[in-house]
Amino acid sequence: MTAQIRQGHAAGTPVYLLRRGEPRAGAVLVKVNLMGPGCRVLSQVRDGLGRLGWMSALGEAPATEADADAYIERAVKRDPDLWVVEVESRDGKHPFEVAGA
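According to full-length UniProt numbering, the sequence shown holds residues 1 to 101 in order.
Next comes the structure, spelled out in structure tokens:
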């Protein structure tokens, strides 16, 4: 987690750890603030082979920041081990993307 945060900062992308989850077992939500058109919330998923990927939690269209924050709040209530990271990225890219995934 900290490596991706440092990678984002090194690339000039602001990345903030909003909530620290369980270090060994916590899933990750990434809130991508598109700096104008809204936000995307990405949920960490694994495919059938166990490879890491990301699924849009609120659909493909950007959501309002209020809707994104409400979703995250509900998710944290369901899973107290959850990590939450916010990325400010006009193009929607984030340092948690996996090449080739």
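Ideal placement from N, C-alpha and C gives every residue a C-beta, glycine not left out. The model shown is predicted, which means the values in this text are computed figures rather than measured ones.
Asked: With a cut-off of 8 Å on the beta carbons, I'd call Tyr-71 and Val-41 a contact; round off their distance for me.; Found: 5 Å
Asked: How many Å lie between Pro-62 and Ala-25 at the Cα?; Found: 28 Å
Asked: By Cβ distance below 8 Å, which residues in the same chain neighbour Gly-92 in space, the five residues on each side in sequence not counted?; Found: Val-32, Leu-34 and Arg-40
Asked: Taking Leu-82 and Ala-27 to be in contact with their CB atoms under 8 Å, please state how far apart those CB atoms are, rounded to whole angstroms.; Found: 6 Å
Asked: Among Leu-58, Ala-11 and Ser-89, which residue has its Cα nearest to the Cα of Arg-74?; Found: Leu-58
Asked: Gly-100 to Asp-79, Cα distance in whole Å?; Found: For Gly-100, the predicted model reports a pLDDT of 40, less than 50, meaning its position is unreliable; a value from the coordinates is still stated below. Whole-angstrom Cα-Cα distance: 28 Å.
Asked: Throw me the rounded Cβ distance for the Val-84 and Val-76 pair, which I believe falls under 8 Å.; Found: 7 Å
Asked: Helix, strand or coil for Ala-75 per DSSP?; Found: helix
Asked: Give the straight-line distance between the Cα atoms of Gln-44 and Leu-52, rounded to the nearest whole angstrom.; Found: 7 Å
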